[in-house]
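As they're listed, the protein sequences go chains A and B. Quick note on the numbering used here: the first sequence kicks off at 13 and runs consecutively. Quick note on the numbering used here: the second sequence kicks off at 7 and runs consecutively. Note sheet for the following structure.
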Amino acid sequence: MATAVLPIKKRLNTIKRSTYVCLLFNFFSFLLVIVSSHLLTYVSLIREFREALKSRTMRRLDRGTRLNFYERVLTFFLEKSMHTSKWIKEKG
Amino acid sequence: MDKGERVVVLGINGSGKSTLLKILNGLLFPERGEYLYKGERLNEKSLRDPKFNLRFRKEVVLLFQNPEVMLFNPTVYDEMAFGLRQLGLKEREIKERVLRWAEVFGLSPYLEKIPYNLSRGQKQKLCLACLLILEPEVLLLDEPTSNLDPKSTGLLIDILQELNLTTVISTHNLSLVPELGNRLVVLGEGGRIIYDGSVDGFFSDREKLIEAGLMHKHRDKPYYHLH
Numbered sequence: 013m014a015t016a017v018l019p020i021k022k023r024l025n026t027i028k029r030s031t032y033v034c035l036l037f038n039f040f041s042f043l044l045v046i047v048s049s050h051l052l053t054y055v056s057l058i059r060e061f062r063e064a065l066k067s068r069t070m071r072r073l074d075r076g077t078r079l080n081f082y083e084r085v086l087t088f089f090l091e092k093s094m095h096t097s098k099w100i101k102e103k104g
Numbered sequence: 007m008d009k010g011e012r013v014v015v016l017g018i019n020g021s022g023k024s025t026l027l028k029i030l031n032g033l034l035f036p037e038r039g040e041y042l043y044k045g046e047r048l049n050e051k052s053l054r055d056p057k058f059n060l061r062f063r064k065e066v067v068l069l070f071q072n073p074e075v076m077l078f079n080p081t082v083y084d085e086m087a088f089g090l091r092q093l094g095l096k097e098r099e100i101k102e103r104v105l106r107w108a109e110v111f112g113l114s115p116y117l118e119k120i121p122y123n124l125s126r127g128q129k130q131k132l133c134l135a136c137l138l139i140l141e142p143e144v145l146l147l148d149e150p151t152s153n154l155d156p157k158s159t160g161l162l163i164d165i166l167q168e169l170n171l172t173t174v175i176s177t178h179n180l181s182l183v184p185e186l187g188n189r190l191v192v193l194g195e196g197g198r199i200i201y202d203g204s205v206d207g208f209f210s211d212r213e214k215l216i217e218a219g220l221m222h223k224h225r226d227k228p229y230y231h232l233h
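Written out as structure tokens, the structure reads:
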């Protein structure tokens, strides 16, 4: 009797484990896609920021101007991240 | 390109319009061929020369498609004065020029405001003001009307016609092409030039419109707005 039950339990455990693994895999691949797409967007935006600064720079910039630029880039990305997370929350 | 020429660059997404403008502004460099500005070869080496860089960046200016990336100064006034301060102008002249151009673009009430809190259309106008205040010789505009309402678009067209600068404008808006320029360059896939000539000549050539992806073969009118 016991020998007949064990394989079913084992099989159920295997199915459970496989389901968890599958869900975890889907979750992490979803995360990976989101993170990598955001990274690509951010990289291209940083490149645009740098190009725009280069385009407007005629002389060597002073420290204050450079700080303004980095501050702006940082706030832009923080705002963008907040906006994106709000959007994801709203869309569920 | 000749002095005073107004060129409109048309093409589907990914055809290389923005890349072309960045090459003309010395931000990217072509893998083949060369770019001569007033007879001088433009490359990374020539732009490392402070004198040439100063002259080139003052004379050839680019309006980016996304105005957000161009603004980083604490106030609208500082943003407009940024280029002028680099040119070493006196603060009195800077103020006079800033006030004049702010008036032209309706930005006078916002001079003490933070630039990135303005609306998208106002940001676009501010960026344009920051460039025109330098009194450039060549104006490169990457889809300048994409964030503007009809009134501001009209203002931009009036300013461009009045200033009579050498301009290269990329646009998606076919209906504005005759007003924006007198020469049309159409880019196809992979950045290939499929038309270079008069504006009227292109719009009456059905085959070219279809080839450029600006008209479907089953339609009898081009897509006036590609967005």
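Glycine residues also receive a C-beta, built at the ideal position from the N, C-alpha and C atoms. Model, not experiment: these values are computed from the prediction.
Query: Where Met76/B falls, given that 16 or more other Cβ within 10 Å makes a residue buried; Result: buried
Query: Through-space distance from Asn170/B to Leu140/B, alpha-carbon basis; Result: 15 angstroms
Query: Where the region 48 to 62 of chain B meets chain A: residues whose CB sits under 8 angstroms from a CB there; Result: Pro56, Asn59, Leu60
Query: For Leu193/B, the nearest candidate out of Gly89/B, Ala218/B, Asn179/B, Leu180/B (CA to CA); Result: Ala218/B
Query: Same chain, Cβ closer than 8 angstroms to Asp155/B, five either side skipped, listed in chain order; Result: Gly127
Query: Met94/A classed as buried or exposed, judged by whether at least 16 other C-beta atoms fall within 10 angstroms; Result: exposed
Query: Boundaries (first-last residue) of the beta strand (DSSP E) holding Ser176/B; Result: 172 to 176
Query: Chain A within 9 angstroms of Leu132/B, Cβ atoms only; Result: no
Query: Under 8 angstroms from the C-beta of Pro184/B: neighbouring residues of chain A; Result: Within 8 angstroms Cβ-Cβ: nothing; Pro184/B doesn't reach chain A, min ~28 angstroms.
Query: Same chain only: Cβ atoms within 8 angstroms of Ile199/B, ignoring 5 sequence neighbours per side; Result: Val191, Val192, Leu193
Query: Ser30/A classed as buried or exposed, judged by whether at least 16 other C-beta atoms fall within 10 angstroms; Result: exposed
Query: Contact with chain B by Lys66/A, beta-carbon distance below 9 angstroms; Result: yes
Query: Status (buried if at least 16 other CB within 10 Å, exposed otherwise) for Glu149/B; Result: buried
Query: Interface flag, Glu60/A vs chain B, CB-CB below 9 angstroms; Result: yes
Query: Residue burial classification, Thr173/B (beta-carbon count within 10 angstroms, cutoff 16); Result: buried
Query: Beta-ladder partner(s) of Tyr201/B, from DSSP; Result: Val192/B
Query: Cβ separation of Leu137/B and Leu124/B, assumed to be a contact under 8 angstroms, to the nearest whole Å; Result: Their Cβ separation, rounded to whole angstroms, is 16 angstroms, which puts Leu137/B and Leu124/B out of contact at 8 angstroms.
Query: With 16 other Cβ atoms within 10 Å as the buried cut-off, status of Ser67/A; Result: buried
Query: Validate contact between the region 39 to 54 of chain A and the region 20 to 37 of chain B using beta carbons, cut 8 angstroms, 3 pairs; Result: no
Query: Which of helix, strand or coil DSSP assigns to Lys22/A; Result: helix
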